[in-house]
Amino acid sequence: MVIASNPVEGKRVGGTVGRAVDGVQLRINKDKVVEVRSNAMFGGYWKNPLKTKEEFTEDGFFITGDTGRLDENGYLQIMGRNKDLIISGGLNVYPKEVEDVIENIKNVLECAVISVPDPDLGEAVLAVVVATKAMNQHQIIKNCKDVLATYKVPKKVIFLDALPRNTMGKIQKNILRETYKNAIIL
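Position in the sequence shown (first residue = 1) + 924 = our numbering.
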């Protein structure tokens, strides 16, 4: 189901997925998670009332699991998946924001930003990077420090030849989190 779209003609806003299409209501809850309601949307999980209760609000909005924000004109920007949110020292870090910065660094092909356990902060930011030529973590960290708040800067950068993907081509951050859960944060 399409919930939002930038118009074919008219104002398009970069970095957003557009405004709610006709018949769809969007809102952002207190945890910055996108919620959606529509008469055309499914009303719950078949033969699974417990899951339905967990994933729908009392007033019928589906909790998508995507973090996002609505601008003053109703354009929706997706920040990432709620399960990917990093809480470092009590501060929220949206991986997509950090990934966007890193992917704009010369010679970076792609990256994934994940949380790893940290004894002081609870979670720390770790970047897993695929580069087109040899780089070091200091280059990535310096570029991030120039743009991001200190708590959003990766504490460590790991370089790989490729990121793990599922059959649909999506990066499997769960595999990265498991692989690097004991990464030493200096």
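In this text, a Cβ means the ideal position worked out from N, Cα and C, and glycines have one as well.
A Cβ-Cβ contact shorter than 7 Å links residue 926 with residue 945. Contact holds between the region 1078-1092 and the region 1051-1070, because three or more Cβ pairs, one in each stretch, are under 8 Å apart. Of all C-beta pairs linking the region 1035-1043 to the region 1094-1105, three or more are shorter than 8 Å, placing the two stretches in contact. Going by beta carbons, residue 1004 and residue 1020 fall inside the 7 Å limit. The Cβ atoms of residue 1025 and residue 958 do not sit closer than 7 Å to each other. The distance from the Cβ of residue 941 to that of residue 950 is about 10 Å, inconsistent with a contact at the 8 Å cut-off.
Boundaries of the beta strand (DSSP E) around residue 1041: 1032-1042. Bridge partners of residue 943 according to DSSP: 929, 999.
By the Cβ test, the region 971-979 is not in contact with the region 1005-1018, since fewer than three Cβ pairs between them sit closer than 8 Å.
Under the DSSP assignment, residue 1011 falls in the beta strand (DSSP E) whose first and last residues are 1010-1012.
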